[in-house]
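Note that my numbering numbers the sequence shown so that position 96 is 520, with each residue one more than the last.
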Amino acid sequence: MEHGQDAGTRRGLEKINPKLEGVSLLEVRITRWLDDSVAGYSSDPSQPAIYGITLQDLLSYAYQVTPAQIRGIEPQKNQRLGFKIVGARAEASQYDVLKAMVPAALGFRAEERTENTEVLVLRRREGAQHLRAGSGPEGVVGFEGQRMVAPNASMGAVAAALAPRLHLMVLDETGFRGRFHLTVTLSANTAWDSEQARRELAEQLGVSIERARRDVKFVDVRWPRPQGGQ
């Protein structure tokens, strides 16, 4: 990545997380992104990549939660990063890989906990249109203005990607299994966090979107104490 500075690459992932045994040939490129004017994503499912996003947003993607569910990142440490996954994927998902690699490369621990809070819930809608099934490795859900593109993504990944734009945690309770090729386009001048956007999303995705309370995962980021710290 020519805009960045390498922060950690190839290593045996099973030493970081036993779930990743067998994917040691995988290469993960985590990059400090130096150009604030450049950001985007790759829709190639075989080499998923996002670049120019903050550490909080990268962890949000890795843990499939909203940025509000990532806590403990001080503003000066919320640097802009990029990632790219290349090579053998085995049975490990890109999310498991990133959950192992990002803390290891940047020198912090990430701890998960649960709290009861208000959310938006996606539910299957009777008579909804048939979703187009995908195949192969999971792609990255991306946004371009009024358009969301999900190349071979699970509905859970779509829910997590929508959450920052809907300004509330979004949970997938549709029961849809597998991965899908999805494209959603909002009408002109419709804000992503509006009621109108939720209606259009529900119609195009074939779901209902309802408010509810659920036990929700949060991720606490723990940085090492400075030498001599109490």
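Cβ coordinates follow ideal geometry from the N, Cα and C atoms, glycine included.
- Closest option to T455, judged by alpha-carbon separation, among Q480, Q503, E498 and E562: Q503.
- Judged by DSSP in its simplified three-state form, E562 adopts coil rather than helix or strand.
- Scanning its chain for C-beta atoms nearer than 6 Å, with the 5 sequence neighbours on each side dropped, one finds around R589 the residues W616, in chain order.
- Here DSSP, grouped into helix, strand and coil, assigns S578 to coil.
- Assigned with DSSP and collapsed to three states, S632 falls in strand.
- When secondary structure is reduced to three states using DSSP, L530 falls in the helix class.
- Under the three-state reduction of DSSP output, A524 falls in the helix class.
- For A636 against V489, the beta-carbon gap comes to about 16 Å, at or over 8 Å, which does not count as contact.
- The beta-carbon separation of L606 and L629, rounded to 7 Å, stays under the 8 Å limit for a contact.
- Remark: C-beta atoms of L479 and L458 do not approach each other more closely than 8 Å.
- The C-alpha of N576 lies about 13 Å from the C-alpha of S466.
- The criterion of a C-beta distance shorter than 8 Å is satisfied by V564 and A473.
- Beta-bridge annotation (DSSP): R571 is paired with E568 and T609.
- Proximity of the region 594-601 to the region 566-575 falls short of the contact definition, fewer than three beta-carbon pairs being nearer than 8 Å.
- If you draw a 10 Å sphere on the C-beta of D639, you find fewer than 16 other C-beta atoms in it, and that means exposed.
- DSSP places E542 in the strand class (E or B) of the three-state scheme.
- In this structure R533 does not touch F642 by the C-beta definition: roughly 14 Å separates them, more than the 8 Å allowed.
- Less than 8 Å divides the Cβ of R603 from the Cβ of E562.
- With respect to K523, Q471 sits apart: the two C-beta atoms are not nearer than 8 Å.
- L595 sits in a strand when the DSSP states are folded into three classes.
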